[in-house]
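A short worksheet on the structure shown next.
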Amino acid sequence: MKGIIFTEFLELVEQTWGDAMADQLLDETDLPSGGIYTAVGTYQHSEIISLVNALSEKSQLPVAKLLHLFGEHLFGRFVALYPSFFTDVQDPLDFLQGIEQIIHAEVLKLYPDAELPHFSAERLSLNALTLKYNSPRKMGDFAQGLLTGCIRYFGQAISLDTENHADYDLFKLSRHG
1 MKGIIFTEFL ELVEQTWGDA MADQLLDETD LPSGGIYTAV GTYQHSEIIS LVNALSEKSQ
61 LPVAKLLHLF GEHLFGRFVA LYPSFFTDVQ DPLDFLQGIE QIIHAEVLKL YPDAELPHFS
121 AERLSLNALT LKYNSPRKMG DFAQGLLTGC IRYFGQAISL DTENHADYDL FKLSRHG
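Going by the UniProt record's numbering, the residue at position 130 of the sequence shown is 130; the numbering climbs one at a time, nothing skipped.
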C-alpha cells in the first residue's frame, strides 16, 4: 500500500484527535515499518488496519466509521494534491465512471508497483451509475467514504446505496432533481 495512505491517515488523526493521539498510535501499535512513512514508500496493508483498529479502541468509534471518515478526508486531499484530475470535470458520475481508465491509469504511471483496487463502472443512465469495488484488502467502507467525499466535492444531490457481497461491494449512485 502506498505511503500516501499512511501519511494522510496520520494527518487526519492529528487534525481530529490531536498530535498526541497520532504519537500514541505510532508508539503503541506493532508496525513492521516502525511507523515511519513517506508518501511515496510502499508498506504492508496490515499496518493501516492495525492503525485503524488502534484508533477505534482509543476513540471508541467503530472501524467501519473510521474507514468511511478517512475515505472522505482522503478525497478532499486528492483534490488538493492532484487538481489536474478535477480540471474540466463538472459531473461526479462522469468522474467516477473514469476512475479506472483515467485516475488509476495515471496513478500507475507514477507508481507502477501500486496495487490498486478495481472499480467496474456501469452507466445506467445520465443520472445513475453503479460501481463494483473489488479488492483483496476488503476496504469497502473506505471506498464508500471516498465516494461520499466525491459527492460532497461536486455538490450535487446524489444518493449512494451500498450492497455488500462476499467478494465485492456494489455502490449505486443516483442523481436527484
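Every residue gets a Cβ at the ideal spot worked out from N, C-alpha and C, and that includes glycine.
Taking residue 29 and residue 61 to be in contact with their CB atoms under 8 angstroms, please state how far apart those CB atoms are, rounded to whole angstroms.
On the sequence shown, residue 29 is found 29 positions in, with the first residue counted as 1. On the sequence shown, residue 61 is found 61 positions in, with the first residue counted as 1. With 8 angstroms as the limit, residue 29 and residue 61 do not qualify as a contact, their Cβ atoms being about 16 angstroms apart.
Starting from residue 88, trace the alpha helix (DSSP H) in both directions and tell me its first and last residue. The residue labelled residue 88 in the question sits at position 88 within the sequence shown. Element bounds for residue 88: n/a, residue is neither H nor E.
(Q) Taking the alpha carbon of residue 122 as the reference point, which residue from 140, 139, 95 has its own alpha carbon closest? (A) Counted from its first residue, the sequence shown places residue 122 at position 122. For the residues 140, 139, 95, the minimum Cα distance to residue 122 belongs to 95.
| task | Run the CB neighbour count on residue 110, radius 10 Å, all protein chains shown included, and call it buried at 16 or more, exposed below. | result | In the sequence shown, the residue the question calls residue 110 occupies position 110. So residue 110 ends up on the exposed side.
query: Can you check whether the CB of residue 18 is closer than 8 angstroms to the CB of residue 71?
result: Along the sequence shown, read from residue 1 onward, the residue named residue 71 stands at position 71. Along the sequence shown, read from residue 1 onward, the residue named residue 18 stands at position 18. Cβ distance not < 8 angstroms, so residue 71 and residue 18 don't count as in contact.
Does residue 135 come out as helix, strand or coil in the three-state DSSP assignment?
Working through the sequence shown from its first residue, we reach residue 135 at position 135. Looking at residue 135 - three-state DSSP - the assignment turns out to be coil, as it is neither helix nor strand.
In the DSSP assignment, the alpha helix (DSSP H) including residue 53 goes from what residue to what residue? As a first step, residue 53 must be located in the sequence shown, where it is residue number 53. Start and end: 45 to 59.
- Quick one: give me the first and last residue of the beta strand (DSSP E) that residue 158 is part of. Position 158 of the sequence shown, counting from 1, holds the residue named residue 158. Where residue 158 is concerned, the enclosing beta strand (DSSP E) stretches over 158 to 164.
Have a look at residue 34 and residue 49 and give me their C-alpha separation to the nearest angstrom.
Reading the sequence shown from its first residue, position 34 is the one you call residue 34. Reading the sequence shown from its first residue, position 49 is the one you call residue 49. Spanning the two alpha carbons is a distance of roughly 15 angstroms.
For residue 176, which three-state DSSP category applies? Here residue 176 refers to the residue found at position 176 when the sequence shown is read from its first residue. In the structure shown, residue 176 sits in coil (DSSP, three-state: anything other than H, G, I, E or B).
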